[in-house]
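Asks: Heads up: the sequence shown begins at 1 in full-length UniProt numbering, then just goes up one per residue. By construction, the Cβ of each residue, glycine as well, lies at the ideal position given by its N, Cα and C atoms. From a predicted model like this one, the values you see are computed outputs, not experimental measurements. Take a look at this one; I'll ask things after.
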Amino acid sequence: MDIQAVGSVLASALASPLLLAVACCASLKLAAGALNFIWSLCAAYLLRQADFWTMLLPEKTGYWRNRVAWVTGSSSGVGLSLCRLLAHRGCRVIMSSRKIEDLQAAKQDVVTFCSLKGVQKSENDFLLLPFDLLQLESFEDIVVKATAWAPNGRIDFLFNNAGIASRGLFMSYEAAEKIIKTDLLAQMKLTKLLLPIMSKAGFGHIIFTNSGRSKLVACGHEPYSVSKVGLLCFAEALSRDLKAKNMNIFVTSALPSYIRTKISYKTLGPDGTPLTDDTSYMHTDTAAGLPPDTVARYMLKAASNKLRECWIATTPVLFYLYLQAYLPDLASSLLDLRAEAHALEIEQEAQELEEIAQRVSRCPPHST
1 MDIQAVGSVL
11 ASALASPLLL
21 AVACCASLKL
31 AAGALNFIWS
41 LCAAYLLRQA
51 DFWTMLLPEK
61 TGYWRNRVAW
71 VTGSSSGVGL
81 SLCRLLAHRG
91 CRVIMSSRKI
101 EDLQAAKQDV
111 VTFCSLKGVQ
121 KSENDFLLLP
131 FDLLQLESFE
141 DIVVKATAWA
151 PNGRIDFLFN
161 NAGIASRGLF
171 MSYEAAEKII
181 KTDLLAQMKL
191 TKLLLPIMSK
201 AGFGHIIFTN
211 SGRSKLVACG
221 HEPYSVSKVG
231 LLCFAEALSR
241 DLKAKNMNIF
251 VTSALPSYIR
261 TKISYKTLGP
271 DGTPLTDDTS
281 YMHTDTAAGL
291 PPDTVARYML
301 KAASNKLREC
311 WIATTPVLFY
321 LYLQAYLPDL
331 ASSLLDLRAE
341 AHALEIEQEA
351 QELEEIAQRV
361 SRCPPHST
């Protein structure tokens, strides 16, 4: 565009108050976008591990004292870390996972952790309650057992933490159904079964271990993202319903990114089977993630301050989360640009795992 054309546009704008107002608004929007980008960049690189409010506010440790907390997925990872911290802060803990042996080992870990911190715990401080999230029809009986153990049948906190992940392009319907049932429907049903109990007690707090994938929908995580987006919407809608009725029940969604846990061997591939049965395998991004104890501490900080949502992620992902909040179109475009490279990484990982499995199958068993 030459100088004469620019002058003509400016003259037209000055001659029309409406066009001038539109031009001013557009300029302000561009300036606001630039400021939002700078804020997203600075916040991510200065905060490094969590969003502003989660980093700023101190944990109210007294919030947990003499309460009952139910933690699903408590035999390892973030769930185990939550149990350690909750027990140390004075909670009685209901620990749930699929296998009783894993729960017994996890309980001993929690008792040892508390002992090292100078807090002695007894058998009466724990209930081991194994169940499978895919068996939704068993939930009513499980809740009856939990309330029978809890003093006055009261369960103060529900940590909906258990779940499975997916990794692969064009996941099968069977895989998607399993993931959505585990990561969304099971969480919804357990929450709804506990709501009347919390309402009767006059207090409750439901904490969801969601994921950054509920905000940043990248390729290769289709059913997992669907379940986590749905879970975030459920949490937000539930929170508004509770506020509308002035119920003293709170909802917090924790959105962690990569966590240094053994979730890789629980991750389902496109056909619905686990990518690997090697419990020691850890994806590169997962290995570089935050320790589960760190994630659990941030979750307790956010929940004790009754934050509706908290982001727990290292700098690159944290930047994307801020960008998604303030400049969603730009964040979406950047994810599109990254899609092809991300898909290639997923395919290479699948090939690597297949080669590992073939090598293991060819190895002769060790004699004893």
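Could you check the C-alpha separation between residue 190 and residue 270 for me, to the nearest Å?
Replies: For the purposes of this step, residue 190 is identified with residue 190 of the sequence shown, where counting begins at 1. For the purposes of this step, residue 270 is identified with residue 270 of the sequence shown, where counting begins at 1. Straight-line Cα distance between these residues: approximately 27 angstroms.
Asks: Taking its Cβ as the centre, do 16 or more other Cβ atoms sit within 10 Å of residue 328, making it buried, or is it exposed?
Replies: Along the sequence shown, read from residue 1 onward, the residue named residue 328 stands at position 328. Counting Cβ neighbours within 10 Å, residue 328 comes out exposed, since fewer than 16 surround it.
Asks: Less than 7 angstroms between C-beta atoms, sequence neighbours within five positions excluded: which residues of the same chain meet that for residue 313?
Replies: Within the sequence shown, numbered from 1, the residue matching residue 313 stands at position 313. Excluding sequence neighbours, residue 313 sits near 212, 256, 257, 321.
Asks: Just to check my reading of the structure: residue 90 and residue 124 have Cβ atoms closer than 8 angstroms, yes? What is that Cβ distance to the nearest angstrom?
Replies: Looking up residue 90 in the sequence shown gives position 90. Looking up residue 124 in the sequence shown gives position 124. That belief does not hold up - the Cβ atoms of residue 90 and residue 124 are roughly 14 angstroms apart, past 8 angstroms.
Asks: So does residue 238 have its beta carbon nearer than 7 angstroms to some heavy atom of the ligand GDP?
Replies: As presented, the structure is devoid of all ligands, the ligand GDP included, so that no description of it is given.
Asks: Roughly how far, in whole angstroms, is the beta-carbon of residue 193 from the beta-carbon of residue 139, given that I think they are within contact range, below 8 angstroms?
Replies: Translated into the one-based positions of the sequence shown, residue 193 becomes position 193. Translated into the one-based positions of the sequence shown, residue 139 becomes position 139. With a Cβ gap of about 6 angstroms, residue 193 and residue 139 count as contacting.
Asks: What is the residue span of the beta strand (DSSP E) that residue 205 lies within?
Replies: As a working mapping, residue 205 is identified with position 205 in the sequence shown. Where residue 205 is concerned, the enclosing beta strand (DSSP E) stretches over 204–209.
Asks: Checking the sheet assignment: what are the DSSP bridge partners for residue 71?
Replies: On the sequence shown, residue 71 is found 71 positions in, with the first residue counted as 1. DSSP lists 95, 159 as partners of residue 71.
Asks: How about residue 45 and residue 315: do their beta carbons lie closer than 8 angstroms?
Replies: The residue labelled residue 45 in the question sits at position 45 within the sequence shown. The residue labelled residue 315 in the question sits at position 315 within the sequence shown. Yes, the Cβ-Cβ distance between residue 45 and residue 315 is below 8 angstroms.
Asks: Give me, in chain order, the residues of the same chain whose beta-carbon lies closer than 7 angstroms to that of residue 297; leave out the 5 immediate sequence neighbours on both sides.
Replies: Your numbering for residue 297 matches position 297 in the sequence shown. Excluding positions up to five away in sequence, the list reads 85.
Asks: Tell me the DSSP secondary structure of residue 119 in three-state form.
Replies: Locating residue 119 in the sequence shown gives position 119, where the first residue counts as 1. Coil, per DSSP.
Asks: Measure from the alpha carbon of residue 118 to the alpha carbon of each residue in 222, 87, 232, 94, then state which is nearest.
Replies: Sequence index remark: in the sequence shown, residue 118 carries index 118 (1-based). Closest option to residue 118, Cα to Cα, is 87.
Asks: Residue 292 by DSSP, collapsed to three states: which one?
Replies: For the purposes of this step, residue 292 is taken as the residue at position 292 of the sequence shown. It is helical.
Asks: Below 8 angstroms between beta carbons: does that hold for residue 292 and residue 78?
Replies: Taking the first residue of the sequence shown as position 1, residue 292 is located at position 292. Taking the first residue of the sequence shown as position 1, residue 78 is located at position 78. With respect to the 8 angstroms criterion, residue 292 and residue 78 are classified as neighbours on the basis of their beta carbons.
Asks: Taking the C-alpha atoms as reference points, what is the distance between residue 73 and residue 63?
Replies: The residue you call residue 73 lines up with position 73 of the sequence shown. The residue you call residue 63 lines up with position 63 of the sequence shown. Residue 73 and residue 63 have their alpha carbons spaced roughly 22 angstroms apart.
Asks: Within 10 Å of its beta-carbon, does residue 168 have 16 or more other beta-carbons around it, so buried, or fewer, so exposed?
Replies: Taking the sequence shown and counting its residues from 1, the one referred to as residue 168 is at position 168. Under this definition residue 168 is a buried residue.
Asks: Am I right that residue 227 and residue 184 are in contact with their C-beta atoms under 8 angstroms? What's the rounded C-beta distance?
Replies: Here residue 227 is taken as the residue at index 227 of the sequence shown, counted from 1. Here residue 184 is taken as the residue at index 184 of the sequence shown, counted from 1. Their Cβ separation, rounded to whole angstroms, is 4 angstroms, which keeps residue 227 and residue 184 in contact under 8 angstroms.
Asks: Output yes or no for whether 8 angstroms exceeds the beta carbon distance between residue 176 and residue 130.
Replies: Within the sequence shown, numbered from 1, the residue matching residue 176 stands at position 176. Within the sequence shown, numbered from 1, the residue matching residue 130 stands at position 130. No, they are not a contact pair.
Asks: May I have the straight-line CA-CA distance separating residue 251 from residue 206, to the nearest angstrom?
Replies: Here residue 251 is taken as the residue at index 251 of the sequence shown, counted from 1. Here residue 206 is taken as the residue at index 206 of the sequence shown, counted from 1. Their Cα atoms are separated by approximately 5 angstroms.
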